[in-house]
Amino acid sequence: MRTKTLLLAAVLGAASVASSMAQVYSVNAVGYVNVTIAGSGTLGLVANPLQASNNTIASVLAGVPIGTQFYKYDPSVGLISAILDEFDGWVTGTTPSGTLSFNPGEGAFIRNNAAAALTITFVGDVLQGSQTVNLPVGLSLVGSKIPQSGGITSTLGFPTSIGTQVYLYHATPSSGYDSFIFDEFDGWVKTGVAGTTEPQLTVAQGFWVRNNGTAALPWTRTFSVNTP
Numbered sequence: 035m036r037t038k039t040l041l042l043a044a045v046l047g048a049a050s051v052a053s054s055m056a057q058v059y060s061v062n063a064v065g066y067v068n069v070t071i072a073g074s075g076t077l078g079l080v081a082n083p084l085q086a087s088n089n090t091i092a093s094v095l096a097g098v099p100i101g102t103q104f105y106k107y108d109p110s111v112g113l114i115s116a117i118l119d120e121f122d123g124w125v126t127g128t129t130p131s132g133t134l135s136f137n138p139g140e141g142a143f144i145r146n147n148a149a150a151a152l153t154i155t156f157v158g159d160v161l162q163g164s165q166t167v168n169l170p171v172g173l174s175l176v177g178s179k180i181p182q183s184g185g186i187t188s189t190l191g192f193p194t195s196i197g198t199q200v201y202l203y204h205a206t207p208s209s210g211y212d213s214f215i216f217d218e219f220d221g222w223v224k225t226g227v228a229g230t231t232e233p234q235l236t237v238a239q240g241f242w243v244r245n246n247g248t249a250a251l252p253w254t255r256t257f258s259v260n261t262p
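For what it's worth, my numbering labels the leading residue of the sequence shown as 35, then goes sequentially.
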C-alpha cells in the first residue's frame, strides 16, 4: 500500500469587529490524500485522514470499482463488512450499508478485488485543535486523525501506557503483522527485535491497538497547520 499526500490549500477568511480594531481569522486547511492498494484481492489497512462533509463509505469511497470490500471493527459487535454491488450499491448481505461511517480516527480494511491497483482519494479538511481517538479496553481498529507520518508517539502523540500493543499490517512481501508493545523499561519494543523500536506510521495508515489496561485510553493531540 502506497500513500501520497497532497496538502494543503489553506483558506483564510477574516471578519472585522465593528466595536474594536481587532480582527478574527478563521483558518481551514483542505487537501487530499491518495492511498494505493494493489489489485487481485489485496487488502489494505487504511484510515480516513481528513474530515469530509459526509463521512459515509458511499461518499468517502466514491468511485471505487464494483466488488470492492470494506471491513471495520466495532468492539461492541465485532467485524462489520460491506461490498459494493453492481445493482444495489454498498450492501451487507442484502442490507444497504452505504451509510456506514468511515470517520477520521477509524481504521478499516479495504480489499481491492479488481485486477488493477486501486487509488483511493480522501478529500476534506485537516482537523485542528484538540483531537481525540478513544481506545477502549481490548482491541480497536484506529488511525490518526491528523494526516501526518512519523513515530507513533514522538510525532503523533500516541499514549504510552504500559502493556499497550500495536499491530501494523503489511501486504508485501507477504501478508502479516508487525507487533509492538510498550514496555515499562524499554519503551516501544518490536516483537523479535532487540532494543527499542517505535512504530512508524504513514499518512492514512490504519492499525490495531490492544489496550491491556482496565480503562479506556484517550489518544489526544492538539494540532495546528501553523505549528505542527
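Yeah, the Cβ is synthetic: ideal placement off N, Cα and C, and Gly gets one too.
No experiment lies behind these values; they were computed from the predicted model shown.
Ends of the beta strand (DSSP E) at residue i?
i    : result
A142 : 141-146
T256 : 251-257
K179 : From DSSP, K179 is part of no beta strand (DSSP E); its letter is neither H nor E.
D212 : 210-217
V157 : 152-159
G240 : 240-245
L169 : 163-169
V223 : 221-224
L202 : 199-204
What's the call for residue i, buried or exposed, on a 16-neighbour Cβ count within 10 Å?
i    : result
G240 : buried
S188 : exposed
T198 : buried
G177 : buried
S50  : Confidence at S50 is low in this model, with a pLDDT of 28, below 50, so its placement is unreliable and the value that follows should be read with caution. So S50 ends up on the exposed side.
G47  : The pLDDT assigned to G47 is 33, lower than 50, so where the model puts this residue is not dependable; a value taken from the coordinates is nonetheless given after this. Result: exposed.
N245 : buried
N146 : buried
G75  : exposed
A249 : exposed
E140 : buried
A238 : buried
S60  : For S60, the pLDDT reaches just 43, beneath the cut-off of 50, and the residue's location in the model is therefore unreliable, although a value from the coordinates is still provided. Exposed, because fewer than 16 other Cβ atoms sit within 10 Å of the Cβ of S60.
F192 : buried
F219 : exposed
Are the CB atoms of residue i and residue j nearer to each other than 8 Å?
i    : j    : result
W242 : L173 : yes
N68  : T153 : yes
S102 : L118 : According to the sequence shown, residue 102 is Thr rather than Ser. Yes.
G226 : V160 : no
S164 : T256 : yes
P252 : T126 : no
S209 : L77  : yes
L235 : L190 : yes
V171 : G247 : yes
V200 : A86  : no
F104 : S93  : no
V106 : P138 : Looking at the sequence provided, one finds Lys at residue 106 rather than Val. Going by C-beta atoms, K106 is not nearer than 8 Å to P138.
Would you say the beta carbon of residue i is closer than 7 Å to some non-hydrogen atom of the ligand PLP?
i    : result
T248 : Judged by which ligands are present, the structure shown has none, so any question about the ligand PLP falls away.
Alpha helix (DSSP H) containing residue i: first to last residue?
i   : result
V94 : 91-94
Assuming the contact rule is C-beta atoms closer than 8 Å, residue i and residue j should be a hit. Round their C-beta distance to whole Å, please.
i    : j    : result
A205 : A72  : 7 Å
N82  : F136 : 5 Å
L134 : I91  : 5 Å
Q182 : V259 : Not quite, the Cβ-Cβ distance comes to about 11 Å (not below 8 Å), so this is no contact.
T216 : T230 : Sequence inspection shows Phe at residue 216; the Thr mentioned does not correspond to that position. Their Cβ separation, rounded to whole angstroms, is 10 Å, which puts F216 and T230 out of contact at 8 Å.
G185 : E232 : 5 Å
T254 : A151 : Not quite, the Cβ-Cβ distance comes to about 35 Å (not below 8 Å), so this is no contact.
Since residue i sits in a beta bridge, which residues does DSSP pair it with?
i    : result
Q103 : I117, R145
P130 : V125
T76  : N146
S135 : T90
N260 : Per DSSP, none; premise fails for N260.
L173 : R244
G184 : L235
A228 : According to DSSP, A228 bridges with nothing at all.
G112 : D108
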